[in-house]
Every structure is written in C-alpha cells, then in structure tokens.
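Following: one structure in structure tokens, then a few remarks.
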Amino acid sequence: TQAMGARWAEHRDDIEEVLIARLRIPEEATGITVSLDRVATPMEEPRKRPCGRPPKGAAKRPVARVWRMSYCATVTLHDANGRSLHTLRYGAMPGCDPDAEVIVALQNDVAALRARRPDLQVGLLCDGAVEMWNLLHGRFTEELLETAIRKLVDLWHLLQKVGKALRTRYSEARTASELRAWKLRLLNRSNAATALRDELRSWLAVPEDEPLGEGDPLKEAVGFLTRQLRADRLDYAAARRAGQPVGSGPVEASCKCVFNVRLKRSGARWKEASAGNVINLRATALSHRWDEAMELLHLAARKEVRRAV
Numbered sequence: 167t168q169a170m171g172a173r174w175a176e177h178r179d180d181i182e183e184v185l186i187a188r189l190r191i192p193e194e195a196t197g198i199t200v201s202l203d204r205v206a207t208p209m210e211e212p213r214k215r216p217c218g219r220p221p222k223g224a225a226k227r228p229v230a231r232v233w234r235m236s237y238c239a240t241v242t243l244h245d246a247n248g249r250s251l252h253t254l255r256y257g258a259m260p261g262c263d264p265d266a267e268v269i270v271a272l273q274n275d276v277a278a279l280r281a282r283r284p285d286l287q288v289g290l291l292c293d294g295a296v297e298m299w300n301l302l303h304g305r306f307t308e309e310l311l312e313t314a315i316r317k318l319v320d321l322w323h324l325l326q327k328v329g330k331a332l333r334t335r336y337s338e339a340r341t342a343s344e345l346r347a348w349k350l351r352l353l354n355r356s357n358a359a360t361a362l363r364d365e366l367r368s369w370l371a372v373p374e375d376e377p378l379g380e381g382d383p384l385k386e387a388v389g390f391l392t393r394q395l396r397a398d399r400l401d402y403a404a405a406r407r408a409g410q411p412v413g414s415g416p417v418e419a420s421c422k423c424v425f426n427v428r429l430k431r432s433g434a435r436w437k438e439a440s441a442g443n444v445i446n447l448r449a450t451a452l453s454h455r456w457d458e459a460m461e462l463l464h465l466a467a468r469k470e471v472r473r474a475v
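Those letters in the sequence shown? Residues 167 to 475, by our numbering.
Laid out in structure tokens, this is it:
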C-alpha cells in the first residue's frame, strides 16, 4: 500500500487530469456542490524524554499520540431535486498546505466539468468554520468560474446551534416542536433566517450593538446567525427553488469512510507520509474510479525496454 501510495502521489496530478476528463456526467445532473470539512486524526509525534536517567526498558525514541485536524473535501454532482448522483472525494493530512493539496484540485475538477457542461450550477456548502470559507473563497470566485456561485451553511449545522438556543427558554418537547417549525420556515421563506435571528436576539437583555461573547448558547446562536446573514449564506429557500442541496451530507460521510474507518482504529497512530498514502488511495477508490486510476498509474510507470543485439 505504501509503495503504491508513493507512486500515486508522484503521478497524481497527471492522472487526475485524465480521470476528470473521462468522468461521465449524468444527463440528469443540474449542478455541482463543493464542500470542505476537517476531521481529527491520530498522529505520531516525537515526545521529549523526561529529565534524568531513563528507566530500564524505556523507549529509545519516545513518541506521543496526538490528534491533528486533517482536511476532507467533496465535489458532488446532483440532480434538479438536490439528490447526489456522483461524489468525488479528496483528503489531505494535517501538515499539508490545504490550498495546494485540496482546494486547487477542487477548482480544477469543477472547471473541467463546467467546460463540458456550462449549464451546471455551482454551490459551496460547508459548516460555519471561518477557515473553511476563507480557503474556498480564494479559489471559487464568479470571475474564475464565469458563473454565479451559491454559498450556504449546512442547514443541520445551523439547526444544531438553534436547538441549543431554544433549550435555554423551552422544555425539550417544546424545543423539538419549535425547531421543526423553524426548519420548515427556513426551507420555504428567504427571510426566515432574519426573522429567526431577530426573535432570538429579542430574548437577550443586552443592547443590539453590544458584542456577543461565547459560552452562552443563545448568544452564540445569535452571533452565528448574524455573521452568516452578512455573508448571505442562509437562503435555503432560494437554493431549494434552484434545485440545489442544503445539507453537506457527502462531505460528512467522506470524513467517516475516507478517514475514520481506516485511521481511527483502536490505538492507531500515523506518520504524515504513510497516512497520506493511504488516504489518497482510499479517496480514489471511494470516488468509484479505482480501476481507471490504477490502469493509468501502471501506464505511467512503464519504461521502454530495448532488446540488446
């Protein structure tokens, strides 16, 4: 696996360019959704020796098992109802440059797909993490892709924060009822997020211009809604009318199947290079293009042999 992963890393850019050109775009596809997320990964790092003489049997090179954040991304083709048709998966380890390792690949693949199907809509769909949006904003602009780009915060991520805020005022049963009602409003009314923010804000006994701190679920929800409204990432009704998805399920599933299932086994810890080799191969296999990728990889490794006379 490690040897193949190292060879894949050497030829990956050229092979992925061929793979995306060969990818069959379903006729019913109406859009592309790009998502980016992070996932905790158990890494092996050197650990300092304690002062004094080491005890008998102590490790010659002590290591620590620490958790670092890797990057997981997806490009999903979807139909007019927002249903996923095909998902391409990408991964990068904590020590990498996410822009060079992941975001450029996302941009190249989206541009290649739209070159063949200029009618495909483009959407960005992530949770509310500022880092994720900053990374995507650098590469996904309307000028570069020559099309409008819809930006949305994952609806379920938003509802999770709103649910915590509602529990500060209502019982569990009332919270569930209110959350269902707000979900329907968000899915059907473009101004619902503003109304939700205003209602939650009215529960706060602080002036409107006072900064909202952290630690209080109600204040956090109001602050989150305010930031995302400013960035125009909460119009779920418009997304549904355009047939675009409102949840980042593909990237959440990719965090699990690409990283968690393989890297988070009991007691496992990984070095940057070895884990990267495994993740690159898993992302290729789980994108349903393993056979083509391996065929191209073997072709790239061929060398001309001349018969000696």
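From the three backbone atoms N, C-alpha and C, an ideal C-beta is built for every residue, glycine too.
Outcome for residue i when other beta-carbon atoms lying within 10 angstroms are tallied against a minimum of 16
{"i": "Thr167", "result": "exposed"}
{"i": "Lys222", "result": "exposed"}
{"i": "Leu443", "result": "According to the sequence as given, residue 443 is Asn; it is not Leu. Asn443 comes out buried."}
{"i": "Gly357", "result": "Reading off the sequence shown, one finds Asn at residue 357, where the question assumed Gly. It counts as exposed."}
{"i": "Pro416", "result": "buried"}
{"i": "Lys385", "result": "buried"}
{"i": "Gly433", "result": "exposed"}
{"i": "Pro260", "result": "buried"}
{"i": "Ala404", "result": "exposed"}
{"i": "Glu211", "result": "exposed"}
Residue of the options minimising C-alpha distance to residue i
{"i": "Gly413", "options": "Leu318, Thr196, Pro383 and Val184", "result": "Leu318"}
{"i": "Ala295", "options": "Asn274, Ala278 and Arg399", "result": "Arg399"}
{"i": "Arg188", "options": "Ala278, Gln394 and Glu418", "result": "Ala278"}
{"i": "Leu353", "options": "Glu365, Leu325 and Ala371", "result": "Leu325"}
{"i": "Thr490", "options": "Trp233, His252, Asn300 and Leu366", "result": "Because the chain in this structure spans residues 167 to 475, residue 490 falls outside the shown range and cannot be described."}
{"i": "Glu297", "options": "Glu309, Asp263 and Arg282", "result": "Asp263"}
{"i": "Cys423", "options": "Leu447, Pro411, Trp436 and Arg406", "result": "Leu447"}
{"i": "Pro216", "options": "Glu176, Met209 and Val229", "result": "Val229"}
{"i": "Ala246", "options": "Ala331, Glu386 and Thr196", "result": "Thr196"}
{"i": "Asp382", "options": "Arg335, Ala361 and Ala172", "result": "Arg335"}
{"i": "Asp320", "options": "Thr207, Arg234 and Cys292", "result": "Cys292"}
{"i": "Arg406", "options": "Gln287, Arg255, Met209 and Arg280", "result": "Gln287"}
{"i": "Asn300", "options": "Leu202, Asp401, Leu350 and Gly389", "result": "Leu202"}
{"i": "Thr341", "options": "Asp265, Leu332 and Gly248", "result": "Leu332"}
{"i": "Leu119", "options": "Arg431, Ser337, Gln410 and Gly329", "result": "This structure gives no information on residue 119, because the portion of the chain shown stretches from 167 to 475."}
{"i": "Ile191", "options": "Leu302, Ala271 and Val276", "result": "Val276"}
Where the beta strand (DSSP E) through residue i begins and ends
{"i": "Val296", "result": "Unbroken run through Val296 is the alpha helix (DSSP H), Val296 to Arg305; no beta strand (DSSP E)."}
{"i": "Thr199", "result": "Gly197 to Pro212"}
{"i": "Gly495", "result": "Residue 495 lies beyond the range of the chain shown here (167 to 475); nothing can be said about it."}
{"i": "Val444", "result": "No beta strand (DSSP E) contains Val444, which is instead part of the alpha helix (DSSP H) from Glu438 to Leu452."}
{"i": "Arg255", "result": "Ser250 to Ala258"}
Identified DSSP bridge partners for residue i
{"i": "Gln287", "result": "Gly197"}
{"i": "His464", "result": "DSSP output for His464 lists no bridge partner at all."}
{"i": "Ala230", "result": "Glu211"}
{"i": "Val241", "result": "Val200 and Leu254"}
Extent of the continuous alpha helix (DSSP H) run through residue i
{"i": "Arg393", "result": "Pro383 to Arg396"}
{"i": "Leu272", "result": "Val270 to Arg282"}
{"i": "Gly433", "result": "Careful: Gly433 lies outside any alpha helix (DSSP H) and carries neither H nor E."}
{"i": "Gly560", "result": "Residue 560 falls outside the range modelled here, since the chain spans only 167 to 475, and no answer is possible."}
{"i": "Ser420", "result": "Gly415 to Ser420"}
{"i": "Arg219", "result": "Careful: Arg219 lies outside any alpha helix (DSSP H) and carries neither H nor E."}
{"i": "Ala405", "result": "Tyr402 to Arg407"}
Query raised in the report: Enumerated in chain order, which unbroken segments of the alpha helix (DSSP H) with a length of 4 residues or greater are wholly contained in the region 292-365?
Result: Counting only unbroken stretches of 4 or more residues, the alpha helix (DSSP H) elements lying wholly within the region 292-365 are 296-305, 308-311, 321-332 and 338-354, in sequence order.
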